[in-house]
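Some notes on the structure that comes next.
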Amino acid sequence: MGKRKSRTSNKLTAKPKKQLETDFTCPFCSHLGSVQCDIFLKEHQPFVVASCSICTESYTTKAHALTEPVDVYSEWIDSCREANKGVVAPRPDLDSEAKRRRKTEDDGS
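The opening position of the sequence shown corresponds to residue 33 in our numbering, with each subsequent residue numbered one higher.
Right under this line is the structure:
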């Protein structure tokens with residue numbers, strides 16, 4: 033005969049699911065948690081708006097039933113990278129001390 037199951041046996045507990053982020057860093061002003069995504073699915077043409085509350089930059093795209101805020105933010109970042117493809121960033125200006133040193137080195141040689 034088999035052993036009866038006791039009431040104190042180990043019960044499997046489900047691990048809580050990780051929540052996806054809903055607040056993101058703005059790709060333009062770099063403020064943490066300033067970008068929120070608003071999903072409008074009940075409109076005639078569903079759309080999503082991701083906007084920064086600091087610098088008021090925004091991104092709008094089409095939405096569907098499975099659209100999540102993290103998907104919209106990733107799409108915004110991808111479109112920013114695509115827009116900046118091939119653009120050479122300007123060199124930062126040298127501070128006045130470094131300019132003066134470089135000038136004296138050129139004159140001394």
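Here a beta-carbon is modelled for each residue, glycine too, at the ideal position from N, C-alpha and C.
Check                                                                                                                           : Outcome
How is Cys69 classed by DSSP in three states: helix, strand or coil?                                                            : strand
Between the Cα of Leu64 and those of Glu89, Asp110 and Cys84, spot the shortest distance and give me the residue it belongs to. : Cys84
Three or more C-beta pairs closer than 8 Å, one from the stretch 91–102 and one from the stretch 65–74: is that the case here?  : yes
In the structure shown, what three-state DSSP assignment does Ala82 receive?                                                    : strand
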